[in-house]
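A.B. asks:
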Amino acid sequence: MDLSVQKDKLPVHVGFIMDGNGRWAKKRGLPRSLGHKEGAAVFKKIADYCLDLGIKYITFYAFSTENWKRPADEVNAIMDLFDAYLDDVGKYAAKKTRIVFLGDKAPFRKSIRDKMIDIENKTRDFDAMTLMLAMNYGGRDDIVRAAKKAVQLASEGYLKPEDITEDMFSKLLYTEGMPDVDLVIRPSGEYRLSNFLIWQCAYAEYYFSDVLWPDFKTADLDKALEEYASRNRRFGGV
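Numbering (the numbering used here) for the sequence shown: 4 to 241.
1. What residue does the alpha helix (DSSP H) around Asn-124 start on, and which one ends it?
2. What is the rounded straight-line gap between the Cα of Leu-136 and the Cα of Asp-91?
3. Rounded to whole angstroms, what's the CA-CA distance from Met-21 to Asp-185? Just pull it up for me.
4. How about the stretch 213-223 and the stretch 159-170: do they share at least three Cβ pairs that are nearer than 8 Å?
5. Give me the residue from Gly-106, Ala-131 and Arg-101 with the minimum Cα distance to Asn-124.
6. Measuring straight from C-alpha to C-alpha, what distance separates Asn-261 and Glu-77?
7. Which whole-angstrom value is the C-beta distance of Leu-200 and Gly-38, which I expect to be below 8 Å?
8. According to DSSP, which residues form a beta bridge with Val-251?
9. According to DSSP, which residues form a beta bridge with Arg-101?
10. Say whether the stretch 172-179 touches the stretch 139-159, bearing in mind that this needs 3 or more beta-carbon pairs closer than 8 Å, one atom from each stretch.
11. Answer yes or no: do Tyr-231 and Pro-14 have a C-beta to C-beta separation smaller than 8 Å?
12. Around the Cβ of Gln-155, are there at least 16 other Cβ atoms within 10 angstroms (buried) or fewer (exposed)?
13. Assuming Tyr-210 is part of the beta strand (DSSP E), what are its boundary residues?
14. Can you list, in chain order, the residues of its chain whose CB lies under 6 Å from that of Arg-35, leaving out five sequence neighbours each side?
15. Only counting the same chain, and skipping five residues up and downstream in sequence, which positions put a Cβ closer than 7 Å to that of Ser-114?
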């Protein structure tokens with residue numbers, strides 16, 4: 004670890020858009036499923052490194068609400084990888100890492116849903132780091148879901164229009180109780196948010212690179228953190 008950033012200049016919450024797995028495999032003449040497998044291995048390394056650095060919250064965009072549109076064999080391969088990862092997640096529990104899944108669990112097969120719920124329950128009180136996995140997640144869907152909750156509360160007499168504030172609305176999102184994102188890292192040469200934590204990234208800093216996710220190293224994360232530390236975050240002020 005050769006990161007030169009001071010602890011007080013590290014972001015509290017880092018979001019990773021894991022992109023480029025399929026292109027990484029295609030460049031090597033490999034099935035896209037192998038790209039996702041390599042990307043999953045990188046995810047584990049980066050999560051471990053964030054824990055070592057002392058970053059308190061990390062979110063990985065693993066599978067969006069739109070990703071169901073991909074070919075069935077690719078989706079099935081991703082689901083198999085996810086299922087296997089959930090069997091291996093005990094190592095994070097041993098490190099007192101809280102695991103939270105963002106997104107609607109309903110479309111997943113029962114074995115995956117049950118594991119997700121069990122992991123969230125078992126790690127609920129851990130505080131060394133909070134690791135969030137956005138699975139079947141979409142930023143617009145998150146906001147619409149929260150709006151429906153607000154309407155339901157209003158219809159039941161628990162909520163008045165004047166009660167709706169940004170802070171109150173934030174508590175209706177999947178990330179209830181979590182801080183907003185400070186830094187979004189997107190490799191692979193793309194320059195867009197792709198429906199990732201739209202509300203929560205309102206004042207996030209962005210770091211883009213041409214590195215495909217399976218090639219992303221801890222040194223690449225160091226560069227992003229050093230760039231973040233050099234920026235002047237004014238939040239609309241002077």
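We put the beta carbon where it would ideally sit given N, CA and C, even for glycine.
C.D. replies: This is what the structure gives:
1. 113-126
2. 15 Å
3. 17 Å
4. no
5. Arg-101
6. For residue 261 there is no data in the structure shown, the boundaries of the chain being 4 and 241.
7. About 24 Å separates the two Cβ atoms, so there is no contact after all.
8. A question about residue 251 goes unanswered here, because the residues of the chain that appear run from 4 up to 241.
9. Thr-133
10. yes
11. yes
12. exposed
13. 208-211
14. Gly-25, Ala-28 and Glu-77
15. Asp-86
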